[in-house]
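Its first residue numbered 0, the sequence shown is counted upward by one per residue in numbering that gives the first Met the number 0.
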Amino acid sequence: MLSFFHRSSRMKKILIADDEVPIRLLIHSTLESDEYHIIESENGPETVEKCLEERPDLLILDLMMPGIGGEEVCKKVRSDPRMKSISIIILTGRGKLSEDEAEAFNADFYLTKPFSPLELLDCVSKVLNRKR
Numbered sequence: 000m001l002s003f004f005h006r007s008s009r010m011k012k013i014l015i016a017d018d019e020v021p022i023r024l025l026i027h028s029t030l031e032s033d034e035y036h037i038i039e040s041e042n043g044p045e046t047v048e049k050c051l052e053e054r055p056d057l058l059i060l061d062l063m064m065p066g067i068g069g070e071e072v073c074k075k076v077r078s079d080p081r082m083k084s085i086s087i088i089i090l091t092g093r094g095k096l097s098e099d100e101a102e103a104f105n106a107d108f109y110l111t112k113p114f115s116p117l118e119l120l121d122c123v124s125k126v127l128n129r130k131r
C-alpha cells in the first residue's frame, strides 16, 4: 500500500480540455501511464474550475471550446496566482500560429491539429521536464 502512495505522489497531473470527445480520447490514451494522472474537461468554465480544484501540472488546452474559449481560459489561468504555475500546451485547428499570436497566449507550447501521438508525447515531456 505504501508503494501506491509513493508512486502517486510522483505522478504528474494533466488536464485535457477539449470539447471533442475523440480528441480527448486520443490524448488520454496516448498519455495514459504510471507517470501521469489524467483528468478531462469539455468546456471553458469547467476547465477553469478544474484548474482551481485539481491544480494540474499541465493543461492541454483547445482554443475553440464552448462557454469560454481557450484564449480566455489561458488568460484566466495566467492571471490568477493560484493557477499561474500550471504549464499550458495550446491545441489549435486554425493552422500555424504566428509568433505574435503564440506569444499573446503566454503558453509554454502549442500544437496544430492534426498532430501525431509521438509529437504530443515529446511536447508533454519537454514542457514537464522544464518545470523541474
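For every residue, glycine included, the Cβ atom is placed at its ideal position computed from N, Cα and C. Keep in mind it's a predicted model, so treat the numbers as computed, not measured.
For the candidate residues Lys112, Ile26, Ala106, Met64, whose alpha-carbon lies nearest to that of Val126?
-> Locating residue 126 in the sequence shown gives position 127, where the first residue counts as 1. When only C-alpha atoms are compared, the closest one is Ala106.
3-residue-minimum beta strand (DSSP E) runs that sit fully inside the region 27–74, ordered along the chain | 35–40, 57–61
Among residues of its own chain, excluding the 5 on either side of Gly69, which ones have a beta-carbon nearer than 6 Å to its beta-carbon?
-> By one-based count along the sequence shown, residue 69 stands at place 70. Correct list, in chain order: Leu60, Asp61, Leu62.
From the DSSP output, in three-state form, read off Ile88 for me.
-> Residue mapping note: residue 88 aligns to position 89 of the sequence shown, counting from 1. In the structure shown, Ile88 sits in a strand (DSSP, three-state: E or B).
Is the Cβ-Cβ distance between Arg43 and Val72 less than 8 Å?
-> Residue mapping note: residue 43 aligns to position 44 of the sequence shown, counting from 1. Residue mapping note: residue 72 aligns to position 73 of the sequence shown, counting from 1. Per the sequence shown, residue 43 should be read as Gly rather than Arg. Yes, the Cβ-Cβ distance between Gly43 and Val72 is below 8 Å.
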